[in-house]
Amino acid sequence: MPPEVEATLLSVWRRLLKEGGGPALTLAEAATLLGTSVDSVRRRVKAGQIRAFHDERGRVRIVATLEPPPGEPAHEAIEVREVANVHRLREELKTLRLELDTLLAERHELARELEDTREALRRSKDEIAAMWRILSARSRVNGRGRGAEGDRSRILWQISQARNLARRPKWPWLRAS
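Each position in the sequence shown, counted from 1, maps to that position plus 6 in our numbering.
Structure (structure tokens):
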């Protein structure tokens, strides 16, 4: 709660204890509690949106009640709107619960699929490691300890050939001789 609102409520409480009677607010207190200016409160009083009266000293006092101001719909109309809102909110809650159930099922399915994918990846890594061990053992048995290095140099040569082909123009008549 903002400090100015707290101070206003404290001053209203003190006045209630000293003077007795119902809570009648000054224009400044009402403006602070409503979060508007004093002039806005005066305009609302003049328009009849806020109930007010003049005290024995002629000061304007705002009636602080929970009853609707004049011109507002009656209590029964408010109840009808509240019932309609409650019904609408219940329907929305049902829809959201169904959507939540659908999303939870989808999440569960995706989690299972992720776990299956992780297991397949683990198996693939194990297979690759086993193949690497077999290839390394074969190259040692055949006396070619540098088999992997030979493959690497061959692959690098093929990459350089592909790059050279990519640099050449597609049409021979455009070649700069």
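Glycine is no exception: its CB is placed at the ideal position from the N, C-alpha and C atoms.
Residues bridged to residue i (per DSSP)
i           : result
arginine 67 : Phe59
leucine 127 : None, per the DSSP bridge assignment.
leucine 31  : Ile68
Residue of the options minimising C-alpha distance to residue i
i            : options                     : result
alanine 34   : Lys52, Gly54, Ala53, Glu10  : Glu10
aspartate 61 : Ala53, Thr32, Val47, Arg129 : Thr32
threonine 38 : Ala13, Arg50, Leu99, Val92  : Ala13
Burial state of residue i, where buried means 16 or more other Cβ atoms lie within 10 Å
i             : result
valine 47     : buried
threonine 123 : exposed
alanine 90    : exposed
alanine 136   : exposed
arginine 67   : buried
alanine 186   : In this structure the chain extends from 7 to 183, so residue 186 is not present and cannot be described.
valine 92     : exposed
arginine 50   : buried
alanine 30    : buried
Residues near residue i by beta carbon distance below 7 angstroms, same chain, minus five either side
i              : result
arginine 169   : none
leucine 184    : Outside the shown range of the chain (7 to 183) lies residue 184, about which nothing can therefore be said.
arginine 63    : none
valine 44      : Leu33, Ala34, Ala37
isoleucine 192 : Past the edges of the chain, shown from 7 to 183, lies residue 192, and the structure says nothing about it.
Other residues of its chain near residue i: CB distance less than 6 angstroms, five sequence neighbours each side excluded
i          : result
alanine 36 : Val47, Ile68
Reduced DSSP secondary structure (H/G/I, E/B, other) of residue i
i           : result
serine 46   : helix
arginine 9  : The sequence as given places proline at residue 9; arginine does not occur at that position. Note: proline 9 maps to helix in three-state DSSP.
glycine 41  : coil
glycine 156 : helix
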